[in-house]
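First residue of the sequence shown? That's 348 in our numbering, and the numbers climb one at a time after it.
Every residue, glycine too, gets a C-beta built ideally from N, C-alpha and C.
It should be emphasised that the depicted structure is a prediction, and the values quoted were computed from it without experimental measurement.
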Amino acid sequence: MLRAAFASVLGASLALAGCRSCDAPGPGAAEAAPAGPTMPTGMLVPGAAPSAAASAGASALRLVHHVKGGAFTELQVARPGDRADRADFEHWRDDSSFVPLAAMTLLHEAFARALPGFDLFLPRLFGGEALARLASELDALAAQAQGQGDLAATAREIAALARATAAKGSALWVLGI
């Protein structure tokens, strides 16, 4: 009985939601549109819950290190020979960088443009060309966000990390929440 009610509610919700991916792009659509769906601003950020970064005295938009939990996206340098289908990860590594969820929500579109099929909820491997595109996208975002110091600084930091990782011939995992 409960399953039938749940299935009915789920079906109705899906029917009412419509298919946004089926919409044809309107006139003047940007040529640099992300390769996949974009993250609505603020969608993942908890409303009243303070982030670990904020409680530690850091800005909720700044890249942090040495955290062991919370609402962060982990940027982890890949092991040599890693492939995009890898599924076993050691999370919260000391050598990882962590992007607060508030910042990642604002940076999501740059990641989506850099790697077709980017999905914040799945591990994604950024290698050579994708790292170069990510650095370029984040540099452009930082230039646009100059009035928003912390966001611009975070975009520049991640762009520098992407360039340094590519220069070493490595790849970078983006491990979402």
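Item                                                                                                                            : Value
Closest by C-alpha distance to R503, when choosing among A434, D435 and A450                                                    : A450
Start and end residues, alpha helix (DSSP H) containing Q423                                                                    : Q423 -> not in any alpha helix (DSSP H); beta strand (DSSP E) instead, spanning F419 to V424.
Which residues DSSP lists as bridging W520, in chain order                                                                      : Q423 and L472
Backbone secondary structure at F445 - three-state DSSP                                                                         : strand
Inter-residue spacing [alpha-carbon to alpha-carbon] between L410 and L508                                                      : 11 Å
C-beta atoms of E437 and A461 nearer than 8 Å                                                                                   : no
Exposed unless 16 or more other CB atoms sit within 10 angstroms - verdict on A400                                              : Annotation note: pLDDT 40 at A400 (below 50); position unreliable, coordinate value reported separately. Classification for A400: buried.
Boundaries (first-last residue) of the alpha helix (DSSP H) holding R510                                                        : G496 to A514
Contacts around A425, its chain only, beta-carbon distance under 7 Å, and the 5 residues preceding and following it disregarded : L472, S517, A518, L519 and W520
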